[in-house]
Structure formats: structure tokens, C-alpha cells
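For the numbering used here, count along the sequence shown from 1 and bump the result up by 23.
Read through the structure below, which is laid out as C-alpha cells, and then see the notes.
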Amino acid sequence: RNHDALAIIDELDAMSKKDTLFKIDSYLTVVLIHLIKNQVEGRLTNSWAASIRASIRKIKSLNLKENQTYYYIKEEEWDEILEEAIEFAIDDASAEVENGAYSPFQLKEMVDKNSIITTAKIFLALTYSYSVNDLLAVIDDNLALLPGGEDWKFGKINK
């Protein structure tokens with residue numbers, strides 16, 4: 024009987040982890056789409072910055088297990104996840120970049136995937152180093168370094 028109860032607990036734990044990883048992947052896709060738009064269009068809007076900021080904050084919150092000492096995804100595990108996620112993000116971003124002006128095939132040729140992955144890893148690394156309160160300001164500092172980020176920082180942005 025105890026064996027059955029433990030099996031049920033293990034199954035529930037696995038389902039919970041899978042759900043958490045799915046949510047993290049969804050927020051990661053949002054970050055990647057906005058980084059792709061930023062790279063191709065060479066600008067940063069308030070809307071994109073807000074989406075990146077909120078998504079990174081949610082990734083931090085979801086990734087840290089309830090005990091606050093263990094991460095679902097360790098910092099060194101993002102490479103493989105990003106390599107897979109970038110392909111889906113490019114497909115999804117094709118509907119948004121320059122108002123859908125490029126097919127997924129065209130966008131794949133235009134995007135520097137390694138640069139997007141490197142930038143995403145910088146933002147993700149912040150989630151391991153900063154508290155939620157400090158994270159927002161550090162994200163904004165890093166957003167200002169993106170193409171068009173200086174214009175965004177000083178309010179000279181395109182909507």
C-alpha cells in the first residue's frame with residue numbers, strides 16, 4: 024500500500040515538473056521572439072522590453088523550486104534547450120517581424136541564431152545571480168545594450 028502511495032506521489036511530482044518546464048519554455052519562446060524582432064528590426068520598443076522583462080522574471084520564479092534551493096533547469100543546461108527553442112521561435116517570429124513581411128524560411132536565413140542564443144543566455148544567467156527586486160533593474164541595463172536599446176533608454180523609440 025505504501026508502495027502505491029509513493030508511486031502516485033512520484034507521478035504527481037513528475038506531472039508538476041513537466042507543467043513547470045512547459046511554462047518556462049513558453050516564456051523562453053516569448054523572450055526569443057522579441058530578441059529576434061530586435062535583431063532583425065534594429066530597434067527596441069517599450070512593449071518588447073516589457074515582455075522580455077516579465078518573461079525573464081517569470082522564468083526565474085518558475086525555475087526555482089518551492090524549497091528555494093534547487094532549480095528545475097541549472098544554468099549550464101540552457102544550451103540544449105535554447106538550441107531547440109530558437110527554431111520554433113524563428114517560425115513564430117516570422118508572423119511578427121516587420122509585420123509578417125518574411126516567411127519562416129526567409130527569417131531563418133536572416134537571423135544570427137548564435138547571437139540570439141548568447142543574448143538569451145545573458146538574460147537567463149541573471150536569474151541565478153539576482154533577487155527578483157534587483158533583477159528588473161539589471162534586465163533594463165542589459166536591454167539598453169541591445170540594438171536600439173540606447174534610443175529606448177532615452178525615450179527615442181518607435182512604437
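C-beta: ideal position from N, C-alpha, C; glycine also.
Computed from a predicted model, the values in this text were never measured in an experiment.
Under the three-state reduction of DSSP output, Y95 falls in the coil class, being neither helix nor strand. Note that the C-beta distance between P127 and D135 is not below 8 Å. For Y151, the enclosing alpha helix (DSSP H) has its first and last residue at 136-152. In this structure N86 is in contact with I47, their Cβ atoms being roughly 6 Å apart against a cut-off of 8 Å. Looking only at F146, W175, Q129, the smallest Cα-Cα distance to R80 is reached by F146. Ranked by how close their Cα comes to the Cα of V120, the residues T92, A112, K60, K40 have K60 in first place. Bounds of the alpha helix (DSSP H) holding L105 are 101-116.
Taking 8 Å as the cut-off, the beta carbon of T150 is found closer than this to the beta carbon of I82.
The three-state secondary structure of L58, taken from DSSP, is helix. In this structure, G172 sits near L67, with a CB-CB distance shorter than 8 Å. Between I56 and A143, the C-beta gap is not smaller than 8 Å, which leaves the two residues out of contact.
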